[in-house]
DNA sequence: GATGCACCCTCCCCCCGGGGGAGGGTCCAC
DNA sequence: GTGGACCCTCCCCCGGGGGGAGGGTGCATC
């Protein structure tokens with residue numbers, strides 16, 4: 154039961170509220186190694202001063218910090234570094250929360266019994282040369298990338314001569330990462346930093362407008378997709394968004410207007 | 154590419170932003186069955202009106218609703234029932250958030266370089282007969298159970314003659330569920346509903362006080378545990394909490410005082 | 001010193017909700 | 001009729017555990 158201040162795994166479990174199983178796993182993962190392991194029997198013995206470490210692990214796991222990150226946090230001797238790593242993860246939790254919020258908003262709209270009919274327009278868009286920033290981006294990073302790119306674009310371009318927009322590769326949604334491009338129409342597009350001129354090809358676009366914050370924009374995408382299929386069209390390229398009214402125009406998200414345009418071609422006679 | 158308004162899995166994937174793999178999995182799980190499955194080739198074909206269902210699933214999964222629950226939500230034809238099931242899950246997310254908040258509070262305290270010394274007292278507690286409610290409870294349900302039990306207890310007992318408290322089986326923390334008892338000291342404890350008299354045995358308690366909300370009470374538990382071990386004692390029974398100052402006394406969580414008492418016996422000469 | 005029994009060990013399989021990749025068949029536009 | 005994009009099934013992998021089998025240990029009690 155006792156061995157001079159050294160704790161068997163069961164006692165340590167009681168004191169830390171970590172299950173015996175979990176303690177063994179943390180040993181295997183070299184995350185929390187017993188103070189003593191009896192070579193003959195394999196019995197693990199912990200010391201009381203390992204309790205704080207166990208508690209830190211426990212809390213970090215409650216925050217869904219991966220074991221590998223937990224290890225890095227514990228291994229970093231400097232409290233400042235630790236705090237930074239933890240803050241990083243809290244940041245991740247924060248954006249997780251954003252995702253949750255927008256999922257809730259989408260659900261609310263999806264589960265509404267009545268769906269307002271969609272106002273869809275088929276529009277021929279000519280080619281245009283614009284100032285753009287583009288990159289291959291992971292879906293999770295799109296928002297952050299977008300914020301940085303638009304800031305740089307605005308700094309370089311100044312006042313655009315038309316409606317700003319973006320192109321989003323279908324692969325972004327299919328496989329979680331893809332090519333993304335944001336642009337500002339401007340006369341004589343400059344080349345500076347990441348900004349460079351790009352000629353957007355002429356396309357036939359199926360266009361609809363999404364009103365409000367982007368939380369539930371996925372719903373509008375789906376409705377537009379249904380319309381595309383119902384009208385015997387097929388998707389032919391990255392989706393285009395144009396930001397008719399956005400955060401740069403009004404602080405009221407309810408007033409935002411985003412046009413969603415899907416390049417299409419006809420697959421069957423009308 | 155097209156078959157009269159019917160979509161191959163890849164097209165459906167593009168339209169719903171669900172990966173092909175995931176769509177196949179949802180088929181296997183009978184969650185979202187293709188409108189047509191070609192018997193000869195196994196090719197799955199979806200119809201455009203399955204897009205809303207796919208979107209609902211997508212959003213529910215973003216909220217970490219288990220697939221089985223997603224199925225129940227989709228299968229329930231009544232919008233009211235659906236909404237209730239979704240609300241249930243949002244409630245779960247809410248309590249998850251509470252857990253996260255308290256984990257963050259604990260971490261903040263744990264990662265502080267300086268730990269204030271613990272004020273621990275060894276106290277002989279005589280046996281006492283109290284009015285109690287007890288049950289076997291899962292760790293996740295403790296808070297809800299506690300709220301119900303104390304409400305019933307207060308309704309039956311009225312004003313207690315001493316400090317209210319609770320006993321928490323160590324198994325609750327070790328294996329996720331265990332025996333829990335809440336009590337009010339009172340003269341001539343009544344028997345009504347779940348309330349019944351219980352005689353708490355006399356014990357030798359190691360006692361310390363936790364000040365503030367219970368978010369980071371686990372940290373105090375750990376410190377007390379260290380003290381127990383450092384003083385050559387061993388745990389001998391369910392931990393006791395007494396609520397010296399609680400939410401019934403003041404709305405300010407910072408003023409709450411909870412005594413934590415661990416029954417102990419001496420395992421080595423002093 | 002034996003015995004009972006709580007405790008501890010390792011090992012293997014299971015859960016969830018996917019992703020990676022192999023190996024092979026199908027669709028359809030040119 | 002052929003190339004290439006698309007689709008199929010099957011198996012293994014991940015993380016962070018839980019359940020349980022089968023067997024060894026520690027120690028208080030007799």
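Protein chains in written order, with the numbering used here: chain A, 154 to 423; chain B, 154 to 423.
Each residue gets a CB set at the ideal place from its N, CA and C atoms; glycine is no exception.
Is residue 504 of chain B buried or exposed, if buried means 16 or more other CB atoms sit within 10 Å of its CB?
With chain B covering only 154 through 423, there is no way to say anything about residue 504 of chain B.
Which parts of the segment 286-353 of chain A are runs of the alpha helix (DSSP H), unbroken and 4 residues or longer, counting only runs that do not cross its ends?
295-310 and 323-327
Following the continuous beta strand (DSSP E) through residue 386 of chain A, name the residue where it begins and the one where it ends.
386-388
Checking 7 Å against the spacing of the C-beta atoms, do residue 305 of chain A and residue 337 of chain A come in under that value?
no
Option in A:413, A:345, A:393 and A:397 with minimal Cα separation from residue 376 of chain A
Here the closest residue by C-alpha is A:413.
Would you give the residue range spanned by the beta strand (DSSP E) that residue 200 of chain B belongs to?
197-200
When you compare each of A:241, A:264, A:164 and A:339 to residue 229 of chain B by their alpha carbons, which one comes out closest?
A:264
Inter-stretch contact at 8 Å, needing at least 3 Cβ pairs: the segment 212-224 of chain B / the segment 180-188 of chain B:
Touching, yes.
Is the segment 395-405 of chain B close to the segment 368-384 of chain B, with three or more CB pairs under 8 Å?
no
Beta-carbon gap between residue 170 of chain B and residue 418 of chain A smaller than 7 Å:
no
Name the chain A residues that come within less than 8 Å of residue 296 of chain B, Cβ to Cβ?
Within chain A, no residue comes near residue 296 of chain B; the closest Cβ sits about 15 Å away, beyond 8 Å.
Quick one, which residues of the segment 154-175 of chain A are near chain B if we go by CB-CB under 7 Å, in chain order?
154, 155, 158, 160, 166, 167, 168, 169, 170 and 172
Excluding sequence positions up to five away, which residues of its chain have a Cβ less than 7 Å from the Cβ of residue 187 of chain A?
180, 197, 198 and 199
Using a C-beta cutoff of 7 Å, does residue 188 of chain B count as contacting chain A?
The beta carbon of residue 188 of chain B sits no closer than 7 Å to any beta carbon of chain A.
Which one or two residues does DSSP pair with residue 281 of chain B in a beta bridge?
Residue 281 of chain B is bridged by DSSP to B:353.
To the nearest angstrom, how far is it from the Cα of residue 355 of chain B to the Cα of residue 282 of chain B?
11 Å
Residue 193 of chain A: buried (16+ other C-beta within 10 angstroms of its C-beta) or exposed?
exposed
Hey, is residue 203 of chain B close to the ligand MG, as in C-beta under 6 Å from one of its heavy atoms?
Looking at this structure, you won't find the ligand MG or any other ligand, since it has none at all.
Rounded separation between residue 349 of chain B and residue 275 of chain B - CA only:
29 Å
Relative to the C-alpha of residue 334 of chain B, which residue among B:408, B:394 and B:344 is closest?
B:394
Between residue 410 of chain A and chain B, is any beta-carbon pair separated by less than 7 Å?
Among the residues facing chain B, residue 410 of chain A is not included, as its CB has no counterpart in that chain under 7 Å away.
DSSP-derived helix/strand/coil call for residue 406 of chain B
helix
Out of A:177, A:164 and A:308, state which residue places its alpha-carbon closest to the alpha-carbon of residue 343 of chain A.
A:308
Answer yes or no: does any C-beta atom of chain A fall closer than 7 Å to that of residue 386 of chain B?
no
Once DSSP output is grouped into helix, strand and coil, what is the label at residue 164 of chain B?
helix
For my contact list, residue 318 of chain A and residue 396 of chain A are in at a C-beta cut-off of 8 Å; report their separation, rounded to the angstrom.
6 Å
Per-residue DSSP class, three states only, for residue 194 of chain B
coil
For residue 388 of chain A and residue 323 of chain A, the rounded distance between their alpha carbons
9 Å
Looking at chain A, which residues of the segment 200-216 of chain B have a Cβ within less than 8 Å of any of its Cβ atoms?
201, 202, 204, 205, 207, 208, 209, 211, 212, 213, 215 and 216
Within the same chain, show all residues whose beta-carbon is closer than 7 Å to that of residue 415 of chain B, passing over the 5 residues directly before and after it, in chain order.
358, 359, 377, 381, 388 and 392
Would residue 161 of chain B pass as a contact of residue 215 of chain A if the rule is Cβ separation under 7 Å?
no
Quick check on the burial criterion: 16 or more other C-beta atoms within 10 angstroms. Buried or exposed for residue 369 of chain A?
buried
State yes or no: is the C-beta of residue 280 of chain B within less than 7 Å of the C-beta of residue 352 of chain B?
yes
Under the three-state DSSP convention, the category residue 176 of chain B falls into:
Here DSSP, grouped into helix, strand and coil, assigns residue 176 of chain B to helix.
Starting from the beta carbon of residue 372 of chain A, find every residue of chain B whose beta carbon is closer than 9 Å, and list them in chain order.
205, 208 and 212
Only counting the same chain, and skipping five residues up and downstream in sequence, which positions put a Cβ closer than 6 Å to that of residue 287 of chain B?
Within its own chain, the residues whose Cβ lies closer than 6 Å to the Cβ of residue 287 of chain B, once the five positions on either side in sequence are excluded, are 334, listed in chain order.
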